[in-house]
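Single-structure report; data block below.
Numbering (UniProt numbering), first residue to last: 1 to 158.
See the structure below:
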């Protein structure tokens with residue numbers, strides 16, 4: 001049982017959460033490959049497996065010249081994220097009507113667009129930031145702690 005308000009439902013063990021996020025799928029496939037394949041083959045295989053699983057967790061709902069709307073499934077939680085052109089002076093991210101809006105025109109977003117790894121981390125940070133704000137933490141320390149735990153769960157493989 002988690003003490004994070006958005007995840008206070010009956011949660012399963014860490015092992016099943018890893019399975020939902022694909023960590024065990026990659027581990028099982030890579031276990032056989034490590035014994036028989038060269039290191040460069042292994043990295044290509046891990047990208048292929050990760051990308052295949054990633055596509056099942058993230059679906060494009062709408063794409064036009066002004067916005068890109070994605071449905072993201074994290075554990076048992078479905079999120080809708082809209083990456084929109086909102087202008088340089090607008091907020092970096094916000095939630096409206098249950099949708100997480102991310103401003104593609106924000107100077108920080110534009111600066112990191114070329115770096116895929118940094119962009120992924122930045123998007124994870126913005127989404128967890130908005131989730132924590134929705135949970136109404138008691139104080140700023142609790143908010144940062146929740147965000148840190150969400151990011152750790154999302155990005156760190158055990």
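The beta carbon of each residue, even a glycine, is placed where N, CA and C say it ideally should be. Note that the structure is a prediction, hence the values are computed from the model and not measured.
For this session: Would you kindly report the start and end of the unbroken alpha helix (DSSP H) that includes residue 132?
Result: Here the question's residue 132 lines up with position 132 in the chain shown. It spans 116-134 - the alpha helix (DSSP H) in which residue 132 sits, taken as one unbroken run.
Exercise. With burial defined as no fewer than 16 other Cβ atoms inside 10 Å of the residue's Cβ, what is the status of residue 140: buried or exposed?
Worked result: Counting from 1 along the chain shown, the entry for residue 140 is found at position 140. Under this definition residue 140 is an exposed residue.
Problem set entry | the stretch 81-93 in contact with the stretch 105-112 per 3-pair CB rule at 8 Å | Three or more Cβ pairs drawn from the stretch 81-93 and the stretch 105-112 lie within less than 8 Å of each other, which places the two stretches in contact.
Problem set entry | Nearest to residue 96 (by Cα), restricted to the options 158, 131, 120 and 111 | The sequence position of residue 96 within the chain shown is 96, counting from 1. Distances from the CA of residue 96 to each of 158, 131, 120 and 111 were compared; the closest alpha carbon is that of 131.
Exercise. Quick one, are the C-beta atoms of residue 156 and residue 127 less than 8 Å apart?
Worked result: Locating residue 156 in the chain shown gives position 156, where the first residue counts as 1. Locating residue 127 in the chain shown gives position 127, where the first residue counts as 1. Note that the C-beta distance between residue 156 and residue 127 is not below 8 Å.
Exercise. Can the beta-carbon of residue 58 be found less than 8 Å from the beta-carbon of residue 80?
Worked result: Here residue 58 refers to the residue found at position 58 of the chain shown. Here residue 80 refers to the residue found at position 80 of the chain shown. Contact: no.
Exercise. In three-state terms, what does DSSP make of residue 90?
Worked result: Counting from one through the chain shown, the residue named residue 90 turns up at place 90. Look at residue 90 here: in three-state DSSP terms it is coil, with no helix or strand label.
Problem set entry | Rounded straight-line distance, which links the Cα of residue 152 to that of residue 158 | Here the question's residue 158 lines up with position 158 in the chain shown. Here the question's residue 152 lines up with position 152 in the chain shown. Computed Cα separation, rounded: 10 Å.
For this session: Pick helix, strand or coil for residue 108, following the three-state DSSP scheme.
Result: In the chain shown, counting from the first residue as 1, residue 108 sits at position 108. It is helical.
Problem set entry | Cβ-based neighbour list, residue 129, same chain, cut-off 7 Å, excluding 5 preceding and 5 following | Along the chain shown, one-based indexing puts residue 129 at 129. Cβ within range, chain order: 93 and 147.
Problem set entry | Whether residue 143 touches residue 124 by CB criterion (8 Å) | What you label residue 143 is simply residue 143 of the chain shown in a count that begins at 1. What you label residue 124 is simply residue 124 of the chain shown in a count that begins at 1. For residue 143 and residue 124, no; Cβs fall outside 8 Å.
Exercise. Since residue 159 sits in a beta bridge, which residues does DSSP pair it with?
Worked result: This structure leaves residue 159 out entirely; the chain is present only between 1 and 158.
For this session: Label residue 138 either buried or exposed according to how many other C-beta atoms from any shown protein chain fall within 10 Å of its C-beta, with 16 as the threshold for buried.
Result: Translated into the one-based positions of the chain shown, residue 138 becomes position 138. By the neighbour-count criterion, in which 16 or more other beta carbons inside 10 Å mark a residue as buried, residue 138 falls on the exposed side.
For this session: Would you please state the rounded distance, in angstroms, between the beta carbons of residue 78 and residue 67? I believe it to be under 8 Å.
Result: For the purposes of this step, residue 78 is taken as residue 78 along the chain shown, with counting starting at 1. For the purposes of this step, residue 67 is taken as residue 67 along the chain shown, with counting starting at 1. Not really, about 19 Å apart at Cβ, beyond 8 Å.
For this session: Please confirm whether residue 113 and residue 119 have their CB atoms less than 8 Å apart.
Result: Here residue 113 corresponds to residue number 113 of the chain shown, with the count starting at 1. Here residue 119 corresponds to residue number 119 of the chain shown, with the count starting at 1. In this structure, residue 119 lies closer than 8 Å to residue 113 by Cβ.
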